[in-house]
Amino acid sequence: MRCNPRYEILFEPVRIGPVTAPNRFYQTPHATGMGYQKPFSGAALRGIKAEGGWGVVSTEYCSIHPSSDDSPFGFLTLWDEDDVRDLARTADAIHAHGSLAAIELWHGGAHTNNRLTREQLLAPSAQSAKFVQPGGARAMDRQDIADFRRWQREAAIRARRAGFDIVYCYAGHDYLPFQFLSRRTNRRTDEYGGALENRVRLLREMIEDTKDAVGDTCAVAVRLAVDELHGSHGITSEGEGREVVEMLAELPDLWDVNVAGSLGNDSKSSRFSPEGFQEDHVGFVKRVTTKPVVSVGRFTSPDTMAGQIRRGIQDFIGAARPSIADPFLPKKILEGREDEIRECIGCNICRAANNESVPLRCTQNPTIGEEWRRGWHPERIAGSGSQARVLVVGAGPAGLECALTLGRRGYGVMLAEAGNTLGGRVSREATLPGLAAWARVRDHRLHMLGKQPSVEIYPGSRLGAEDVLSLGVDHVVLATGSSWRRDGIGASVEMPVPMAASASILTPDDIFDGAAVKGPVLVYDDEHYFMGGALAEKLRLAGHAVTIATTLPVLSSWTQMTDEQFFVQKQLMEAGIDLLLSHNLASVADGVADFACAYTGRITRRDFGALVLVTGRIAETALFDALSAATDAHGDIPSITRIGDCLAPASIADAVHAGHKFARHLDLPAEATVPLRERPSFATGDKPWNAVQPVAGPAARSVKSAASRSVRGSS
Ligand code: ADP
Ligand code: SF4
Numbered sequence: 081m082r083c084n085p086r087y088e089i090l091f092e093p094v095r096i097g098p099v100t101a102p103n104r105f106y107q108t109p110h111a112t113g114m115g116y117q118k119p120f121s122g123a124a125l126r127g128i129k130a131e132g133g134w135g136v137v138s139t140e141y142c143s144i145h146p147s148s149d150d151s152p153f154g155f156l157t158l159w160d161e162d163d164v165r166d167l168a169r170t171a172d173a174i175h176a177h178g179s180l181a182a183i184e185l186w187h188g189g190a191h192t193n194n195r196l197t198r199e200q201l202l203a204p205s206a207q208s209a210k211f212v213q214p215g216g217a218r219a220m221d222r223q224d225i226a227d228f229r230r231w232q233r234e235a236a237i238r239a240r241r242a243g244f245d246i247v248y249c250y251a252g253h254d255y256l257p258f259q260f261l262s263r264r265t266n267r268r269t270d271e272y273g274g275a276l277e278n279r280v281r282l283l284r285e286m287i288e289d290t291k292d293a294v295g296d297t298c299a300v301a302v303r304l305a306v307d308e309l310h311g312s313h314g315i316t317s318e319g320e321g322r323e324v325v326e327m328l329a330e331l332p333d334l335w336d337v338n339v340a341g342s343l344g345n346d347s348k349s350s351r352f353s354p355e356g357f358q359e360d361h362v363g364f365v366k367r368v369t370t371k372p373v374v375s376v377g378r379f380t381s382p383d384t385m386a387g388q389i390r391r392g393i394q395d396f397i398g399a400a401r402p403s404i405a406d407p408f409l410p411k412k413i414l415e416g417r418e419d420e421i422r423e424c425i426g427c428n429i430c431r432a433a434n435n436e437s438v439p440l441r442c443t444q445n446p447t448i449g450e451e452w453r454r455g456w457h458p459e460r461i462a463g464s465g466s467q468a469r470v471l472v473v474g475a476g477p478a479g480l481e482c483a484l485t486l487g488r489r490g491y492g493v494m495l496a497e498a499g500n501t502l503g504g505r506v507s508r509e510a511t512l513p514g515l516a517a518w519a520r521v522r523d524h525r526l527h528m529l530g531k532q533p534s535v536e537i538y539p540g541s542r543l544g545a546e547d548v549l550s551l552g553v554d555h556v557v558l559a560t561g562s563s564w565r566r567d568g569i570g571a572s573v574e575m576p577v578p579m580a581a582s583a584s585i586l587t588p589d590d591i592f593d594g595a596a597v598k599g600p601v602l603v604y605d606d607e608h609y610f611m612g613g614a615l616a617e618k619l620r621l622a623g624h625a626v627t628i629a630t631t632l633p634v635l636s637s638w639t640q641m642t643d644e645q646f647f648v649q650k651q652l653m654e655a656g657i658d659l660l661l662s663h664n665l666a667s668v669a670d671g672v673a674d675f676a677c678a679y680t681g682r683i684t685r686r687d688f689g690a691l692v693l694v695t696g697r698i699a700e701t702a703l704f705d706a707l708s709a710a711t712d713a714h715g716d717i718p719s720i721t722r723i724g725d726c727l728a729p730a731s732i733a734d735a736v737h738a739g740h741k742f743a744r745h746l747d748l749p750a751e752a753t754v755p756l757r758e759r760p761s762f763a764t765g766d767k768p769w770n771a772v773q774p775v776a777g778p779a780a781r782s783v784k785s786a787a788s789r790s791v792r793g794s795s
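Below, the structure written as structure tokens:
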């Protein structure tokens, strides 16, 4: 198939200073949770993006000096020659597919932890640390500024040695150069503070220094937050953000612009922002510079992308999340297969991986982060060569992904679903306010299943043990999901809560099934992800007076991992929903619930028309139990495996991953299913385990070299 002529504009080459990008698809820097500790995993991930057609592929943030240490989060380092060697793998992996390799040089200033290096935090003016901790950052003196400029220069030279084509000056996301730009954090009275011309001085010098160091062969990009969304107290796209771009308009080779501030403004979830949500803020940039411009906005629609170029909003389609959900998005458009794009759903589970300091994971793409350690490719999969027939029971995310992947491997698959609607929990949850895009998990898989001749789908087929056994398949995969608890047990309350039988108590399942709800509604959340808050919002929108009670001090606490918590709580408060924080459900009578303060045990009483319990889910094991009993009776039945929520209820991303993993591993020898691990170790002859004094000179280098290089497979 050929590229739709409407989208050909996306495949034009674009010059960036001394280098040329082969097309307009630009994977902007994004965290992977891998950082310097997982160089092989990082290189493989970026290589796949290049293979998928991203004309520019960027690294995550890369520290230029130990005074910028983001441990325990996954960040890169360019502190020495060992780092150069590690990062060269990434540059090589990107170049292998003809793409440009970009590196985001980074200094966090007051916005780092420095827990590993124990260096003092640096900032334009003395201030508290951005990550709440005892202590703060000291004001940089002139020598510090000179040192910082030298670190950026030296890191740029190392970046070129590692093979990178585009080197960043990073003045976004509240990091050090941005702290100099903002009046809120720069209260200096010397030539680096005061008027905007002074506050912009450091960024100007950085760009000049970097160009001077590597600008003959590398493009120098500036990543700038043009609006920090703090209103008139901060940088705004109508005010100083615009002036900064005007002052430096032609100095860098490329502008990478976005919104920043804290709390996930830049990577806002789909619950709180539509595709292209940054345009109002970044749209001016192209009008004040002739240099190429890139920005982001969770772009997944080729028409929107082509529109961005034609309307002169940007020269590249910047993407982090859409490139995670589908590393082959550009190739699919190029080959006229845009219907096969696995569209990002904007759930921000990828952000959670970084916030939890673990390798990247994605709801839509189970192979992300698994490229090196499991050898999973997002588009290619080994055929099974097997005649075995597989029954998959349950068409939620786990069952759909499992059936699709088994079909891709060539297995004959029957997918049976009890309901008339496919998609399981996703079809229900996508009806909650703001979560419509989550249906893409179902829709993409159903669309791709339609192209799999070896997979048959049977909706409206609730199977019992006898049905399963009568089908005579070789393997049975149970993906029968979970149901919400009714006993009050949750993350904080570990014993069943006494409840009057006459009380009107509902679970999320009841609401989805259309149960009548009588107000006022009391939602009790001891699960702490999206469900409690989203249901409260839904019921409020339906006109009920709503109170949400939760056992923790903040609402929907785990959404801090997806950078959504602030937006969730704001939205609910603005909707007029009453909050009761840090209270455990103690007992329920007819129309009255007693809550115990999580700290004092003091009782607070609330009346309700309906109490909605969002406390946890229980695996749906009835079919598994019946099949196990049949096994005991007959002994001669196929292999039976539970996957996803019916084994242990978890996230949609976990269910998709479980479905994919089962299908990848079926019929493989056990040793082929063990993931590799990257971990430091010392070779014989290096620094002994009990050495007290640091080893001086060349010996010290060889120790470090061995420590950072060695890689073993796990046992
Ligand atoms: P997961 O997240 O693990 O995929 P879901 O709860 O989303 O789980 O989906 C489970 C699906 O399994 C639901 O659509 C449910 O209707 C279906 N299901 C449960 N039991 C049976 C059964 N005995 N036969 C067929 N389908 C079933
Ligand atoms: Fe998109 Fe969610 Fe995947 Fe992140 S985890 S890339 S937001 S689908």
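Under the numbering used here, read the sequence shown as residues 81 to 795, first letter to last. Note that beta-carbon positions come from the ideal geometry of N, C-alpha and C, so glycine has one too. If you're wondering where the values come from, they're calculated on a predicted model, not measured in any experiment.
Ordered along the chain, which non-local residues of its own chain (more than five positions away) have a Cβ less than 8 angstroms from that of residue i?
i, result
"Ser200", "The sequence shown places Gln at residue 200, rather than the Ser named in the question. Result list for Gln200: Ser147, Asn194, Ala217, Arg218, in chain order."
"Ser318", "In the sequence on display, residue 318 carries Glu and not Ser. None."
"Met528", "Glu420, Leu484"
"Arg233", "Asp289, Thr290, Asp292, Ala293"
Kindly indicate which three-state DSSP category residue i falls into: helix, strand or coil?
i, result
"Thr485", "helix"
"Gln107", "strand"
"Asp658", "strand"
"Leu515", "coil"
"Gln207", "strand"
"Asn194", "coil"
"Asp734", "helix"
"Tyr272", "coil"
"His145", "coil"
"Ala596", "coil"
Using the Cβ count rule (16 or more neighbours within 10 Å means buried), how would you classify residue i?
i, result
"Glu184", "buried"
"Ala702", "exposed"
"Thr721", "buried"
"Glu277", "exposed"
"Tyr679", "exposed"
"Ser719", "exposed"
"Ser551", "Note on residue identity: the sequence assigns Leu, not Ser, to residue 551. Result: exposed."
"Thr501", "exposed"
"Glu574", "exposed"
"His524", "buried"
First and last residue of the alpha helix (DSSP H) that includes residue i?
i, result
"Ala614", "610 to 621"
"Val376", "Per DSSP, Val376 belongs to no alpha helix (DSSP H) and is neither H nor E."
"Leu529", "520 to 529"
"Gly387", "382 to 390"
"Ser403", "401 to 405"
"Thr316", "Taken as a continuous stretch (DSSP letters only), Thr316 belongs to no alpha helix (DSSP H), as it is neither H nor E."
Give the range of the beta strand (DSSP E) segment to which residue i is assigned.
i, result
"Gly127", "Here Gly127 belongs to no beta strand (DSSP E); instead the alpha helix (DSSP H) covers 119 to 131."
"Val535", "535 to 538"
"Glu184", "180 to 186"
"Met494", "492 to 496"
"Cys677", "672 to 677"
"His435", "Residue identity differs from the one stated: residue 435 is Asn in this sequence, not His. Careful: Asn435 lies outside any beta strand (DSSP E), inside the alpha helix (DSSP H) at 429 to 435."
Residue i and residue j: beta carbons closer than 8 angstroms?
i, j, result
"Phe244", "Ala171", "yes"
"Met114", "Pro439", "yes"
"Asp336", "Val302", "yes"
"Val723", "Ala738", "A quick correction: the sequence has Ile, not Val, at residue 723. Yes, they are a contact pair."
"Thr684", "His663", "yes"
"Gln117", "Ala203", "no"
"Gly449", "Ser349", "no"
"Ala190", "Ala124", "no"
"Ala101", "Leu167", "no"
"Pro820", "Ile585", "There is no way to answer for residue 820, as the model of the chain reaches only from 81 to 795."
"Leu665", "Trp452", "no"
Using a Cβ-Cβ distance cut-off of 8 angstroms, determine whether residue i contacts chain B.
i, result
"Gly243", "Going by chain labels, chain B is absent from the structure shown, which holds only one protein chain."
What residues in its chain sit with their C-beta under 7 angstroms from that of residue i, if we drop five residues either side in the sequence?
i, result
"Asn345", "Leu309, Val339"
"Ala750", "none"
"Leu621", "Pro513"
"Val373", "Trp335, Val337, Val365, Lys366, Gln394, Asp395"
To which residues of the same chain is residue i closer than 6 angstroms at the C-beta, ignoring the five residues directly before and after it?
i, result
"Asp360", "none"
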